[in-house]
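Enquirer: The structure's right below; bear with me while I get my questions together.
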Amino acid sequence: MVDISKRLKSLPAYLFAEIDKKVDELKESGAKVIDFGVGDPKEPTVGLIRNYTKRSIDKRKDSGYPSYIGDKDFRDEVVSYFKKRFSVDLNPETEVCSTLGSKEAVFNFPEAFINPGDYVLIPNPGYPPWEKGTLFAEGKCFFMNLTEENNFFPELDKVPEDIRKKAKILWLNYPNNPTTQVATKEFYEKAVAFAKENDLLICSDEAYVDNYFGEDKPISLLEVAKENVIVFHSLSKRSAMTCYRVGFVAGDKKIVDAFKKLKTNIDTGTATFIQDAAVAALSDENHVEEFNKIYQSKMKIISDALKSIGLPDSTPQGTIYLWQKLKDGMDSVEFATKLLDKKIALVVTPGEALSNEVDGVNPGKNYVRFALVPTINECKEAAKRISDLKI
């Protein structure tokens, strides 16, 4: 038998596939599992989007292969969305490209710019494909810890000079998964200045920019700068369209051009009728506001239950997550294991599993992540189980 590649061997199992496996094992044991592990919204995709998809399947019955870079109507709607939401002007022909959701774009992007030995600066904890895509491109990762002490912003001025000289890409992600922090304009301005000084591209993963609580809407990095900036967006969390696999990148023409060249050699594009559904989703803000109200209700239910057993208030600013700080001396694996007891049967993600250890420190060690995706009734049941927990 032909052996698998060294590159693939070097990777551990994908975290969320392992979580799914644990959920299946619990269910087989007869436990009534409530799964807060994977950020896959359980709220149904709204009727507006579903109906548009159904009609578009007939409309596109003889459309053939989809455009590699996205149908013009889709790219035009992305431009309209950015103008309305962020007051940012984009050229649909040169500054926008569709993607198969966000994960494939994030994972593949380093192949366009990274040569063996180049460094990529990555927030820690963070989304695994930032790291895995770098490794597949034969690059090296430099992890920047996000902690309560630095307000969950990477300390860019602490990146060593020798690493800066070898770095090509800086990843940012706000609202942040998993810490839930929301970026300020001042931080983005600092990041842009750092990138310019060190000749870096900034990749801004903005998958949660429309998931927020309160009146202040999170901003896009493109509101601060476009040169040497590319942003990654997805309809998955914004519009509960995880199974549709549709998103887009936007930004500096030179970077988007390189991504298009890469993409045309990897896939054939998002199904056109799915892009039509995304047009309907991007043109409607009402369902987004309703989803955010639902997430806020779930957040309060779970947060109140965790506070009732003596854990700190970790109310999030944005995303669909709760980055719950634990008591001093309690690590994330220990707490997550307690929740997996058959009588409790709650699945959460240990913060340690979302973080890398840097200089003997794992910034996720004292946290667990709740993905607020179960229904409100399931959250109420989970809150009862948490309230009975002895820690």
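Numbering-wise (the working numbering), the sequence shown opens with residue 661 and increments by one. Glycine included, every Cβ here is placed at the ideal spot set by N, Cα and C.
(1) Excluding five sequence neighbours on each side, which residues of the same chain lie with their C-beta closer than 7 Å to the C-beta of L895?
(2) Give me the Cα-Cα distance between K732 and P726, rounded to the nearest whole angstrom.
(3) Could you tell me if P820 is buried or exposed, where buried requires 16 or more neighbouring beta carbons within 10 angstroms of its beta carbon?
(4) DSSP three-state call for S689: helix, strand or coil?
(5) Does G989 come out as helix, strand or coil in the three-state DSSP assignment?
(6) Suppose you measure from the CA of Y981 to the CA of F773; what does that come to, to the nearest Å?
(7) Exposed or buried, E791, counting other C-beta atoms within 10 Å across all chains shown (16 or more means buried)?
(8) According to DSSP, is N784 helix, strand or coil?
(9) Would G1024 and E1012 be called neighbours here (beta carbons separated by less than 7 Å)?
(10) Taking the alpha carbon of F854 as the point to measure from, which residue in D663, G697 and K828 has its own alpha carbon closest?
(11) Could you tell me whether the Cβ atoms of N871 and G978 are closer together than 7 Å?
(12) Rounded to a whole number of angstroms, what is the C-alpha to C-alpha distance between E846 and T840?
(13) Check whether the region 947 to 956 touches the region 774 to 786, taking contact to mean three or more Cβ pairs, one atom from each stretch, closer than 8 Å.
(14) If you pair each beta-carbon of the region 1024 to 1037 with each one of the region 699 to 712, do three or more pairs fall below 8 Å?
(15) Between the region 967 to 978 and the region 920 to 931, do three or more beta carbon pairs fall short of 8 Å?
(16) With contact counted as at least three CB pairs below 8 Å, one residue from each stretch, are the region 779 to 786 and the region 798 to 817 in contact?
(17) Report yes or no: do the region 997 to 1013 and the region 683 to 694 share at least 3 C-beta pairs separated by less than 8 Å?
(18) Does DSSP classify Q841 as helix, strand or coil?
(19) Assuming K921 contacts T754 under a Cβ cut-off of 8 Å, what Cβ separation, rounded to an integer in Å, is found between them?
(20) Among Y868, S740, G730 and I969, which one has its Cα closest to the Cα of S758?
(21) What distance in whole Å lies between the Cβ atoms of P814 and V869, which are believed to be in contact at a cut-off of 8 Å?
(22) Secondary structure at Y779, three-state DSSP: helix, strand or coil?
(23) Using alpha carbons as the reference points, say which of V1007, F742 and P878 lies closest to A843.
(24) Leaving out five residues before and five after V889 in sequence, what residues of the same chain have Cβ atoms less than 7 Å from its Cβ?
(25) Cα-Cα, which of K958, M959 and Q984 is closest to G970?
(26) Taking 7 Å as the limit between beta carbons, can you name the residues of its chain near F734, skipping five residues before and five after?
(27) Just grab the DSSP bridge partners of D865 for me.
(28) Assuming contact is defined by CB atoms lying nearer than 7 Å, are L750 and V766 in contact in what I supplied?
(29) Compute the Euclidean distance between the alpha carbons of P789 and K763, then round it to the nearest angstrom.
(30) Please report the residue range of the alpha helix (DSSP H) in which N1037 lies.
(31) Let me confirm a value: I1036 is counted as buried when at least 16 other C-beta atoms fall within 10 Å, else exposed. Which label applies?
(32) Would you give the residue range spanned by the alpha helix (DSSP H) that M959 belongs to?
(33) Who pairs with F1030 in a beta bridge, going by DSSP?
(34) What would DSSP say about T1009, mapped onto helix, strand or coil?
(35) Using only CA atoms, which one of E849, E887, S943 and V891 lies nearest to E866?
Expert: According to the structure data:
(1) Here residue 895 is taken as the residue at index 235 of the sequence shown, counted from 1. Excluding residues up to 5 positions away in sequence, M901, Y904, V906, G907, A938 and A941 lie with their Cβ nearer than 7 Å to the Cβ of L895 in the same chain.
(2) In the sequence shown, residue 732 corresponds to position 72, counting from 1. In the sequence shown, residue 726 corresponds to position 66, counting from 1. Each residue's Cα considered, the two are about 11 Å apart.
(3) Position 160 of the sequence shown, counted from the start, is the residue given in the question as residue 820. Exposed, by the Cβ-count rule.
(4) As a first step, residue 689 must be located in the sequence shown, where it is residue number 29. Under the three-state reduction of DSSP output, S689 falls in the coil class, being neither helix nor strand.
(5) Position 329 of the sequence shown holds residue 989. In the structure shown, G989 falls within a coil segment according to DSSP collapsed to helix, strand and coil.
(6) Within the sequence shown, numbered from 1, the residue matching residue 981 stands at position 321. Within the sequence shown, numbered from 1, the residue matching residue 773 stands at position 113. In this structure, the alpha-carbon of Y981 lies about 31 Å from that of F773.
(7) The count along the sequence shown starts at 1 and reaches residue 791 at position 131. E791 should be labelled buried.
(8) As a position in the sequence shown, residue 784 is number 124, starting the count at 1. DSSP places N784 in the strand class (E or B) of the three-state scheme.
(9) Along the sequence shown, read from residue 1 onward, the residue named residue 1024 stands at position 364. Along the sequence shown, read from residue 1 onward, the residue named residue 1012 stands at position 352. Yes. Within cutoff.
(10) By 1-based counting over the sequence shown, the position of residue 854 is 194. Checking every option, the nearest Cα to that of F854 belongs to K828.
(11) Residue numbering aside, residue 871 sits at position 211 when the sequence shown is read from its first letter. Residue numbering aside, residue 978 sits at position 318 when the sequence shown is read from its first letter. Between N871 and G978, the gap from beta carbon to beta carbon is short of 7 Å.
(12) Walking along the sequence shown from the start, residue 846 turns up at place 186. Walking along the sequence shown from the start, residue 840 turns up at place 180. Spanning the two alpha carbons is a distance of roughly 18 Å.
(13) Remark: fewer than three beta-carbon pairs, one from each stretch, lie closer than 8 Å, so the region 947 to 956 and the region 774 to 786 are not flagged as touching.
(14) The region 699 to 712 and the region 1024 to 1037 touch, with three or more beta-carbon pairs separated by less than 8 Å.
(15) The region 967 to 978 makes no contact with the region 920 to 931; the number of CB pairs closer than 8 Å stays below 3.
(16) Counting C-beta pairs closer than 8 Å gives three or more between the region 779 to 786 and the region 798 to 817, which meets the contact rule.
(17) Under the 8 Å Cβ criterion, the region 997 to 1013 counts as touching the region 683 to 694, having at least three qualifying pairs.
(18) Counting from one through the sequence shown, the residue named residue 841 turns up at place 181. Q841 falls in the coil class under three-state DSSP.
(19) Here residue 921 refers to the residue found at position 261 when the sequence shown is read from its first residue. Here residue 754 refers to the residue found at position 94 when the sequence shown is read from its first residue. In this structure K921 is not in contact with T754, their Cβ atoms being roughly 13 Å apart against a cut-off of 8 Å.
(20) Mapped onto the sequence shown, residue 758 falls at position 98. A check of alpha carbon separations from S758 across Y868, S740, G730 and I969 identifies G730 as the nearest.
(21) Your numbering for residue 869 matches position 209 in the sequence shown. Your numbering for residue 814 matches position 154 in the sequence shown. Contact between V869 and P814 is absent: CB atoms are separated by about 18 Å, not below the 8 Å threshold.
(22) In the sequence shown, residue 779 corresponds to position 119, counting from 1. Residue state, collapsed to three classes: strand.
(23) Locating residue 843 in the sequence shown gives position 183, counting from the first residue. Considering only alpha carbons, the answer is P878.
(24) By one-based count along the sequence shown, residue 889 stands at place 229. So the qualifying residues of the chain are I862, S864, L881, L882, G911 and D912.
(25) On the sequence shown, residue 970 is found 310 positions in, with the first residue counted as 1. Closest option to G970, Cα to Cα, is Q984.
(26) Residue numbering aside, residue 734 sits at position 74 when the sequence shown is read from its first letter. Within the same chain, F734 has close Cβ partners S758, Q935, A938 and V939.
(27) Locating residue 865 in the sequence shown gives position 205, counting from the first residue. Within the DSSP bridge table, the entry for D865 names F892 as partners.
(28) Translated into the one-based positions of the sequence shown, residue 750 becomes position 90. Translated into the one-based positions of the sequence shown, residue 766 becomes position 106. Between L750 and V766, the C-beta spacing is not below 7 Å.
(29) Position 129 of the sequence shown, counted from the first residue, corresponds to residue 789. Position 103 of the sequence shown, counted from the first residue, corresponds to residue 763. Straight through space, the alpha carbons of K763 and P789 are spaced by roughly 7 Å.
(30) Start at 1 with the first residue of the sequence shown, and residue 1037 comes out as number 377. Segment I1036 to S1047, the alpha helix (DSSP H) holding N1037.
(31) Along the sequence shown, one-based indexing puts residue 1036 at 376. With fewer than 16 Cβ atoms within 10 Å of its Cβ, I1036 is classed as exposed.
(32) Taking the sequence shown and counting its residues from 1, one reaches residue 959 at position 299. Run containing M959: N946 to S968, per the alpha helix (DSSP H) assignment.
(33) The residue given as residue 1030 occupies position 370 in the sequence shown. Answer by DSSP bridge pairing, in chain order: L982.
(34) In the sequence shown, the residue the question calls residue 1009 occupies position 349. In the three-state scheme derived from DSSP, where H, G and I count as helix and E and B as strand, T1009 is classed as strand.
(35) Residue mapping note: residue 866 aligns to position 206 of the sequence shown, counting from 1. Out of E849, E887, S943 and V891, V891 has the C-alpha closest to the C-alpha of E866.
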